[in-house]
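Using our numbering, read the sequence shown as starting at 12 and increasing by one per residue. Each remark here refers to the structure printed beneath this line.
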Amino acid sequence: MFKRESSPFPTIIAMSSYLIVSRFTDWFMVLNLL
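See the structure below:
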């Protein structure tokens with residue numbers, strides 16, 4: 012059904028997970044400063 016080379020889903024998942032992790036790290040930095 013889907014080709015591994017043309018499927019953009021893994022990159023989208025990686026980008027979304029990276030953004031979520033970056034937001035969590037930012038929140039932890041703010042909480043540590045408080």
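The beta-carbon is built from N, C-alpha and C at its ideal position, and this holds for glycine as well. Just so we're clear, the structure is a prediction, and the values are computed from it rather than from any experiment.
- For L44, the uninterrupted alpha helix (DSSP H) segment begins and ends at 20-44.
- One alpha carbon belongs to P19, the other to Y29, and they sit about 16 Å apart.
- Non-local beta-carbon contacts of L42 in its own chain, meaning distances under 7 Å to residues more than five positions away in sequence, are absent.
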